[in-house]
Every structure is written in structure tokens, then in C-alpha cells.
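First comes the structure, then the notes that go with it.
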Amino acid sequence: MKWKKNFKNGILLLVKRDEEFIAGEIIVYEKNGPRLAGLGIKNGNTDYLKTDVMLAIYFFAIKYLRQEGYNKLHFGSSRAFLKDGVLQYKKRWRLQVVDDKNIGFLIKPLCSSDGAKEFFLKNPFIYLDQGVFCGAIFLRKDQLHSRADLEKIYKDYYEEGLSKVNVYLYGNGEKIMGDLIPPELHKKMSICSAESLFQT
């Protein structure tokens with residue numbers, strides 16, 4: 001039912017390879033402008049993704065909407081995890097993280113267990129702090145040695161639209177490591193104690 005509603009408010013963009021339609025995208029017209037609402041691949045065959053079908057969809061959607069007089073396009077939702085493949089793909093297009101503050105995960109670690117620690121170490125994420133988006137990256141103290149490490153973290157995980165990238169360090173040392181933050185990133189990055197999150 002949701003797709004029928006979207007289709008009434010939008011158009012279907014189809015991608016062809018030779019004479020065969022291999023993918024489609026519904027573009028929905030909303031109050032704030034057009035949005036990519038749903039991608040379909042022929043027969044669910046993910047091999048088509050290796051043919052740059054996403055590149056074609058983005059390119060022709062942008063081209064068409066520019067011709068229609070639009071100057072912005074919502075590229076659809078992504079998971080709030082910074083290693084997520086879709087989010088990483090969109091990063092190549094220098095897209096900005098926006099809206100959807102009503103959708104997400106509520107994480108409340110009750111204790112600093114090995115399981116919670118492992119989850120945070122493996123899953124950097126975007127979170128909302130006083131109305132702005134920030135990135136949270138968790139590291140063990142022995143993973144952070146130099147200014148170059150911090151520059152790489154910022155390059156790998158910063159997304160347009162994030163106010164700040166916060167590095168949460170297990171094993172203390174955040175005060176010493178804080179001196180490693182490059183001057184140009186002082187307002188865009190901080191190093192905090194991961195253990196402090198579990199203090200009541």
C-alpha cells in the first residue's frame with residue numbers, strides 16, 4: 001500500500017541496459033522537494049549492482065529533476081551506522097546527513113560489559129546531541145597513537161551534516177590524546193572517555 005501511495009505522488013525512473021529494463025527508482029514529490037523513495041532491481045538480481053546501475057539512477061534522477069527546476073534531492077534514508085555500505089556509497093557523492101530525527105535506535109548500555117564494549121568498538125554511529133548530528137567512534141587506547149590516526153578517523157567517518165566527530169577511548173588517556181587533535185579539527189573533533197558513559 002505504501003508503494004501505491006508513493007507512486008501517486010511521484011514518478012518511476014527506469015534504467016535500461018541494451019533493450020532490457022534492469023532497475024527502477026520511485027521519485028516522490030514531497031513538501032520539501034523530491035526524494036528517492038525506493039529502488040528495485042530486476043528479479044532481485046544483485047549482479048546488476050556491479051554494472052553501475054546506482055550511478056545511472058543517481059545521474060539520470062539529478063539530470064531530470066534539474067530540467068524540472070529542482071536544485072536539491074533527498075537521496076532516501078540510510079542506517080545511522082558509519083560503516084554501513086549504503087551510507088559509505090552516498091558519502092562518495094558528498095551528500096549531507098539531514099532530518100529523520102524520529103527514526104533511529106535507542107541505545108542504553110546498563111553496564112560496561114565485554115559485549116557492550118565489543119558492539120561499540122565495531123559499530124561507529126551517528127547520534128543526536130542537543131538537536132545536532134554527531135559521529136561516535138569507539139577505540140581502545142592502543143588503537144590511537146598519533147595525529148595521523150586522528151586525521152584518518154576524521155577522513156573515514158566524517159559525513160557532511162555532522163556537527164562533530166567524537167572519539168570515545170577505552171582505557172583512559174583521553175586527556176593526553178586530546179593534544180593530538182590537529183588544530184584545524186579542534187572544533188570538529190573531540191576525545192572522550194568511553195568509561196564515563198557508564199557512570200551513573
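full-length UniProt numbering applies: residue 1 is where the sequence shown begins, and numbers increase by one.
Glycine included, each C-beta is placed from N, C-alpha and C at the ideal position.
DSSP state of residue i mapped onto helix, strand, coil
i: residue 136; result: strand
i: residue 159; result: coil
i: residue 166; result: strand
i: residue 1; result: The predicted position of residue 1 is uncertain, since its pLDDT is 44 and thus under 50; a value taken from the coordinates is nonetheless stated next. Coil, per DSSP.
i: residue 120; result: helix
i: residue 107; result: coil
i: residue 196; result: helix
i: residue 16; result: strand
Residue i burial status per 10 Å Cβ neighbour count (16 or more: buried)
i: residue 148; result: exposed
i: residue 10; result: buried
i: residue 1; result: Summary for residue 1: the model assigns pLDDT 44, below 50, so the residue's position carries little reliability; its value from the coordinates is reported in the next sentence. Flag for residue 1 reads exposed.
i: residue 98; result: exposed
i: residue 122; result: exposed
i: residue 140; result: exposed
Check whether residue i and residue j have beta carbons under 9 Å apart
i: residue 41; j: residue 22; result: yes
i: residue 15; j: residue 25; result: yes
i: residue 188; j: residue 167; result: no
Near the ligand NAD: residue i beta-carbon under 8 Å from a heavy atom
i: residue 115; result: The ligand content of the structure shown is nil, which means the ligand NAD is not present either.
Taking 8 Å as the cut-off, does the region 42–53 touch the region 71–88 (at least 3 CB pairs, one atom from each stretch)? Between the region 71–88 and the region 42–53 there are fewer than three C-beta pairs closer than 8 Å, too few to call the two in contact.
Contact between the region 54–67 and the region 122–131 (3+ Cβ pairs under 8 Å): no
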